[in-house]
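Chains as they are written, first to last, in the working numbering: chain A, 1 to 112; chain B, 1001 to 1115.
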Amino acid sequence: DSGVTQTPKHLITATGQRVTLRCSPRSGDLSVYWYQQSLDQGLQFLIQYYNGEERAKGNILERFSAQQFPDLHSELNLSSLELGDSALYFCASSDKGGDGYTFGSGTRLTVV
Amino acid sequence: AQSVTQPDIHITVSEGASLELRCNYSYGATPYLFWYVQSPGQGLQLLLKYFSGDTLVQGIKGFEAEFKRSQSSFNLRKPSVHWSDAAEYFCAVGALFSGNTPLVFGKGTRLSVIA
């Protein structure tokens, strides 16, 4: 157990739908990062939150949004889902960048 | 722009043989460098990291990596591979002293181990 909890582990949904992925960071970590992992694109950075505030944005689609709550857990919202959104979505947390990230086990999203 | 290149998509080695996985990076600032391993169906686990100092760093599971600034490389090595090392390996780079900036990952190298 890495200390980063992601739920659900698997999600199957239809095109056009909306889903929410949840991440609880490791105790004490203030930063949360979301990554999308697909076979052709590898690990793509989506968005980062630090202590409730958006810190950096990567290749995140406008259909996707995220937030970090006061208890530091984070949610990634994916809407108007397309087949191409099928991927593994990872959350990672860190206390400061130099120590690297602790990853959760991911949410596998399948859009049918 | 920062980038990480892992030239080898897939490597197959025999159990007991030595291993070297290549990583080249492009980064404007002083880099933090990391190697992560991902077993099937799992998240990424940190193997080792380099900030400064000794350019040869030791990690978990018997892995080591050497930072070579002149070659912009941070290759991962293991003297004797075990079947349990079969996994996907990712090199990543971040910015030293800029704190909490997103890591940039390479596309990964898949390691297969044969008897």
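Glycine residues also receive a C-beta, built at the ideal position from the N, C-alpha and C atoms. Since the structure is predicted, the reported quantities are computational estimates derived from the model, not experimental observations.
Asked: What are the complete beta strand (DSSP E) segments, minimum 3 residues, inside the region 1040-1078 of chain B?; Found: 1044-1050, 1056-1058, 1064-1068, 1073-1078
Asked: Rounded to a whole number of angstroms, what is the C-alpha to C-alpha distance between B/F1090 and A/S79?; Found: 29 Å
Asked: In angstroms with no decimal places, state the Cα-to-Cα distance between A/S105 and A/G3.; Found: 10 Å
Asked: If you measure between the beta carbons of B/Q1101 and A/A56, is that distance less than 8 Å?; Found: As written in the sequence, residue 1101 of chain B is Thr, which differs from the Gln given in the question. For B/T1101 and A/A56, yes; Cβs fall inside 8 Å.
Asked: What separation, rounded to the nearest whole angstrom, lies between the Cα atoms of A/F45 and A/C23?; Found: 15 Å
Asked: Identify every run of the beta strand (DSSP E) within the region 38-93 of chain A, keeping only runs that are complete inside it and at least 3 residues long; order them along the chain.; Found: 42-50, 53-57, 64-68, 74-78
Asked: Which residues, in order along the region 1065-1085 of chain B, keep a beta-carbon less than 8 Å from a beta-carbon of chain A?; Found: none
Asked: What residues in its chain sit with their C-beta under 6 Å from that of A/L72, if we drop five residues either side in the sequence?; Found: P25
Asked: Just mark B/F1105 as buried or exposed, buried being the case when its beta carbon has 16 or more other beta carbons within 10 Å.; Found: buried
Asked: For B/K1078, count neighbouring C-beta atoms within 10 Å of its own C-beta (all shown protein chains included) and say buried if the count is 16 or more, exposed if not.; Found: buried
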